[in-house]
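Trainee: I'd like to ask some things about the structure below.
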Amino acid sequence: MAFSSEEQTSEDYLFKIVLVGDSAVGKSNLLARFARDEFYPSSKSTIGVEFQTQKIAIEGREIKAQIWDTAGQERFRAVTSAYYRGAVGALLVYDISSRQTFDSIGRWLHELHTHSDMNVVTILVGNKSDLREAREVPTAEGKALAETQGLFFIETSALDSSNVALAFQTVVKEIYNILSRKVMQSGELKKNDSSSLGDGRTVVLQGEETSDVDQPEKKGCSC
Ligand code: GTP
Ligand code: MG
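For the sequence shown, our numbering assigns the number 46 to the initial residue and increments by one for each residue that follows.
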């Protein structure tokens, strides 16, 4: 059944977004800060998979972001393919005070691309920007990697909250923009057709200017 734009509700927009990155980079705390405005100074490693649904307002419309969080540590991870299935957005997280976690990004990107669509809207996130004295990865290096890989880029701190909401909003807004263009092209939107959950729908990386966020190079549309 087709819904006209007047009949659409927030239920029409549900985006699955995954958090990916090494253990202890702060994935769970980014989610806790964003969803509940909480921070855990000594949080335990995530075991298995957790997800939270958060409402985000984009252009006056309420969108639900279903944000999935799992362990960075191999032994605590749940079935990988199920974690990535249907994801339309991803936060690829490293810790700016740990070179090792930045070096792992290539591996995480490979895993993301192996288990989900190549065009999942992805932002590279350098977390723990509050740890200025302990920084091991310069901002320019993060930016450069994001540029090479066609990703958005941002530095965040789950501890002092800086840029946390912006990181999630950037991904959600970009997915929304892509979807809006598709809807305009197709002329109508079927209810829940937008969720992309489970249907492996292709999205492309394109963006508008947003402060503090580095935009990826525009890529061709495969939709
Ligand atoms: P796994 O679940 O094992 O994959 O780890 P994770 O990526 O979910 O890390 P988690 O959120 O549990 O954070 C690990 C540690 O880093 C915790 O002690 C947090 O308090 C700390 N931490 C997280 N984010 C920040 C941050 O922005 N700044 C600082 N200084 N510490 C942080
Ligand atoms: Mg965790």
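Even glycine gets a Cβ: it sits at the ideal position worked out from N, Cα and C.
Helix, strand or coil: how does DSSP classify G243 here?
Mentor: For the purposes of this step, residue 243 is identified with residue 198 of the sequence shown, where counting begins at 1. Residue placement at G243 cannot be trusted, given a pLDDT of 36 that sits under 50; what the coordinates show is reported in the next sentence. Reduced to three states, the DSSP call for G243 is coil.
Trainee: With C-beta atoms as the reference, is F173 less than 8 angstroms away from I141?
Mentor: As a working mapping, residue 173 is identified with position 128 in the sequence shown. As a working mapping, residue 141 is identified with position 96 in the sequence shown. Correcting the residue type first, residue 173 is Lys in the shown sequence and not Phe. Yes, Cβ-Cβ distance for K173 and I141 is below 8 angstroms.
Trainee: Closer than 7 angstroms by C-beta to A116: which residues in its own chain qualify, once you throw out the five before and the five after it? Chain order, please.
Mentor: Walking along the sequence shown from the start, residue 116 turns up at place 71. Excluding sequence neighbours, A116 sits near S68, S90, T91, I92, R122.
Trainee: CA-CA distance, V70 and E192?
Mentor: Locating residue 70 in the sequence shown gives position 25, where the first residue counts as 1. Locating residue 192 in the sequence shown gives position 147, where the first residue counts as 1. Taking the straight line joining both Cα atoms gives about 21 angstroms.
Trainee: Quick check: K72 and V138, are their CB atoms within less than 8 angstroms of each other?
Mentor: Against the sequence shown, residue 72 aligns to sequence position 27. Against the sequence shown, residue 138 aligns to sequence position 93. Yes, these two residues count as a Cβ contact at 8 angstroms.
Trainee: Hey, could you find the ends of the alpha helix (DSSP H) T167 is sitting in?
Mentor: As a working mapping, residue 167 is identified with position 122 in the sequence shown. Careful: T167 lies outside any alpha helix (DSSP H), inside the beta strand (DSSP E) at 166-172.
Trainee: With 16 other CB atoms within 10 Å as the buried threshold, where does Q230 fall?
Mentor: Here residue 230 corresponds to residue number 185 of the sequence shown, with the count starting at 1. Per the 10 Å Cβ criterion, exposed.
Trainee: May I ask you to report which of helix, strand or coil DSSP gives K89?
Mentor: Along the sequence shown, read from residue 1 onward, the residue named residue 89 stands at position 44. Of the three classes helix, strand and coil, the one that applies to K89 here is coil, per DSSP.
Trainee: Counting only the same chain and skipping the five closest in sequence on each side, list residues whose C-beta sits under 7 angstroms from that of H160.
Mentor: Translated into positions along the sequence shown, residue 160 becomes position 115. For H160, where only same-chain residues beyond five positions count, the Cβ hits under 7 angstroms are T125, S126, Y129.
Trainee: My understanding is that I108 touches V217, with C-beta atoms under 8 angstroms, so please give their C-beta distance in whole angstroms.
Mentor: Translated into the one-based positions of the sequence shown, residue 108 becomes position 63. Translated into the one-based positions of the sequence shown, residue 217 becomes position 172. Confirmed, Cβ separation roughly 6 angstroms.
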